[in-house]
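Single-structure report; data block below.
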Amino acid sequence: MKLIKFGSPGSEKTGVILENGKTIDVSTFTPDYNEAFFESNGLSRLSQWLKNNAASAPEVPPGIRLGSPIGRPSKIICIGLNYSDHAKESGMAVPAEPIIFFKSTTAITGPNDELLIPQGSKKTDWEVELAVVIGKTARSIKEEHALEHVGGYMLHNDYSEREWQLERGGQWVKGKSADTFAPFGPWLTTPDELPDPHNLRLWLSVNGVMKQDGNSRNLIFRIPHLVSYLSHFMTLLPGDVISTGTPAGVGLGFTPPQYLVAGDVVELGIDGLGTQRQTASALTLA
Ligand code: ZN
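Residue numbers (this note's numbering): 69 to 354.
What follows is the structure, encoded as structure tokens:
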């Protein structure tokens, strides 16, 4: 299944893109795709419901705004330097264990919403990433059972303010958490439709010029290891997001570095997970 949310920010409704391409409103079945939905076996209940109700459900109006496919999760955990070519361009060593950091959940936005460059930012950068959504609570689980806890996959642009992340001391979370710094979607794809998450092309362009062009086969730490590893430090709740890291080609890696300015258009995609498009604008507070 492919799950979407559509409508105005803050009042999105749930939808499903069917295999025949038809997109239907399923808000009478569930108001959101969130922790309560996933933990109550929502994915399989929805799949059953579709068998009887898909034909009569209202269609989603074409061209309507898409929001994040999932409701606000308890946490977004990101993996740093998980592609060796990106570690190299960042001037950092390939890590011996996964580098983990948090990203604020208030950064979440729709896949094609505007990117707001925060006030005072000079180094806003892009990162195309494969994001994993937890489907079932994971607590100290073994690697061989990890994929049973995955509810789906999404495209994510892990926007990063490099000065705040790297030059201001303390933790990376400062540079990762501004509003609009976590576009998710356009949809969540369930694992049955993405049998091999470790062979997906990921790409990103700025103003039509390709910047990142990688493949998830080059992940240093793969998804089962990441889910198991994290579950030994914290409980992963249904709906939680693990963003698995970015390949080479971020702005920081160019000589001289390239950062986003108002008017820039960022486009990105992952095989099977759709595409996003954000136009940058400068945030000015009234
Ligand atoms: Zn990242």
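Even glycine gets a Cβ: it sits at the ideal position worked out from N, Cα and C. On a predicted model such as this, the values are computed, not experimentally measured, just so you know.
Check                                                                                                              : Outcome
For P292 and A206, the rounded distance between their alpha carbons                                                : 12 Å
Helix, strand or coil at H266 [DSSP, three-state]                                                                  : coil
8 Å Cβ cutoff met for W255 and I72                                                                                 : yes
For M278: DSSP bridge partner residues                                                                             : S273
S311: CB within 7 Å of a non-hydrogen atom of the ligand ZN                                                        : yes
Beta-carbon proximity check, E127 vs P186, cutoff 8 Å                                                              : no
Proximity of V241 and G307 at Cβ, strictly below 8 Å                                                               : no
For P292, three-class secondary structure by DSSP                                                                  : helix
Coil, strand or helix - G159 by DSSP                                                                               : coil
Proximity of L198 and Y227 at Cβ, strictly below 8 Å                                                               : no
Nearest to Q116 (by Cα), restricted to the options P129, E103, F97                                                 : F97
When S158, P129, K90, G340 are compared against G319, the one with the closest alpha-carbon                        : S158
S136 vs K210 beta-carbon contact at 8 Å                                                                            : no
Residues sharing a beta bridge with T91, DSSP                                                                      : I85
In chain order, each beta strand (DSSP E) run of at least 3 residues that lies wholly inside the segment 95 to 150 : 144 to 148
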